[in-house]
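Each remark here refers to the structure printed beneath this line.
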Amino acid sequence: MVKANKYNVQGELIGEVELPSAIFDVDVNSPKVLLHEVVTMYLGNQRQGTVQKKDRSMVQGSYRKLFKQKGTGNARVGTRRSPIRVGGGITFAIYPKDWYRAIPKKKKRMALKVALTDRARHGRIYVVEGLNFETPSTKEAKAIISKMIPERGRKLVVTDGHHVPTVKSFTNLPDVMAERADSLNAYGILKSSYIILSDAALKKVEEVFSK
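173 is the number that the working numbering gives to position 172 of the sequence shown; each next residue is one higher, with no gaps.
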């Protein structure tokens, strides 16, 4: 059984909450290779693959042979687009490439559970009751975080939906990110030292990822 500290919107400790064992207390020894595989594939999918260089067919210039093949005393030469000439095309030029690799759903979910389990067992998951700002307030967001987590480190704030005022309040702070509960991924958890969930977000995580 893994528990997390529960706070109110003023950043005051009000008790503990039991975290779902199916998500926050799984075996983290055997799936280490799986976690590495999923994170590597996720980072690979972020690559745009838009790099391109010009080969000899793309550069400007005439296809005319610069001078005759024999009788000049010079080496044989082709067109001015040749890769060995200044302004010519590039040999083995790079073309746009799609780096996307589909990640199986079961692997993604297992990797996420392993990452959440690691943070939960180290006491780095915090639950905030009623975390829903009506208007953006970076000052209030900073006060909450400074009371809950005085240590330095990247924080991830998880909401049950796209609450614009709440997201704006926290993302104005350095080293603070925001994410929806149904869009969590293993890389985002591992990249953050501390995870802050609203009580509604915790229920959403259990609803989406406990299956």
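Where a beta carbon is used, it is the ideal one built from N, C-alpha and C, also for glycine.
None of these values were measured; they are calculated from a predicted model.
Residues sharing a beta bridge with residue i, DSSP
| i | result |
| --- | --- |
| Gly72 | Looking at the DSSP assignment, Gly72 forms no beta bridge with any residue, so it has no partner. |
| Val177 | Lys156 |
| Leu67 | Bridge partners of Leu67: none, in fact. |
| Glu17 | Asn6 |
Cβ-heavy atom distance, residue i to the ligand NAP, below 6 Å
| i | result |
| --- | --- |
| Thr136 | Although the ligand NAP was asked about, the structure shown includes no ligands whatsoever. |
Close-in-space but distant-in-sequence residues of the same chain around residue i (CB under 6 Å, 5 per side omitted)
| i | result |
| --- | --- |
| Ala182 | Val159, Asp161, Ala202, Lys205 and Val206 |
| Lys98 | Gly50 |
| Asn9 | Ile15 and Glu130 |
| Phe134 | Pro166, Thr167 and Ser170 |
| Thr80 | Tyr64 |
Contacting residues, own chain, Cβ-Cβ under 8 Å from residue i (five flanking each side not counted)
| i | result |
| --- | --- |
| Arg102 | Met42, Gly45 and Asn46 |
| Val40 | Ala112, Ala187, Tyr188 and Leu191 |
| His147 | Sequence inspection shows Ser at residue 147; the His mentioned does not correspond to that position. Around Ser147: Gly12. |
| Ile95 | Val52, Gln53 and Lys54 |
| Val60 | Arg82, Gly88, Gly89 and Gly90 |
| Phe68 | Asn75 and Val78 |
Cα-Cα separation between residue i and residue j, rounded to whole angstroms
| i | j | result |
| --- | --- | --- |
| His164 | Leu157 | 15 Å |
| Leu35 | Lys108 | 7 Å |
| Arg110 | Phe210 | 7 Å |
| Arg65 | Thr92 | 19 Å |
| Ser199 | Trp100 | 35 Å |
| Ile150 | Gly12 | 9 Å |
| Leu191 | Asn173 | 21 Å |
| Gly88 | Ser63 | 12 Å |
| Pro175 | Ile24 | 28 Å |
| Arg153 | Lys212 | 34 Å |
| Ile85 | Glu38 | 41 Å |
| Leu132 | Ile197 | 10 Å |
| Lys106 | Ser184 | 13 Å |
| Val29 | Arg48 | 28 Å |
Residues near residue i by beta carbon distance below 7 Å, same chain, minus five either side
| i | result |
| --- | --- |
| Ser193 | Arg155, Lys156, Leu157 and Met178 |
| Thr136 | Pro166 |
| Lys7 | Ile15, Gly16, Glu17, Val18, Val128 and Glu130 |
| Glu180 | Leu157, Val159 and Gly189 |
Next item on the list: Write down every uninterrupted run of the alpha helix (DSSP H) in the segment 102-138 whose length is 4 residues or greater and which is fully enclosed by it, in chain order.
Entry: Counting only unbroken stretches of 4 or more residues, the alpha helix (DSSP H) elements lying wholly within the segment 102-138 are 106-122, in sequence order.
Next item on the list: Indicate whether the contact test is met: 3 or more Cβ pairs, each with one atom in the segment 115-126 and one in the segment 135-145, closer than 8 Å.
Entry: With the cut-off at 8 Å, the segment 115-126 and the segment 135-145 do not touch.
Check: Are at least three pairs of beta-carbons, each pair with one atom in the segment 53-60 and one in the segment 122-132, less than 8 Å apart?
Finding: Between the segment 53-60 and the segment 122-132 there are fewer than three C-beta pairs closer than 8 Å, too few to call the two in contact.
Next item on the list: Jot down the residue ranges of each uninterrupted beta strand (DSSP E) in the segment 165-211, minimum 3 residues, whole runs only, in chain order.
Entry: Qualifying beta strand (DSSP E) stretches, in chain order: 177-181 and 195-199.
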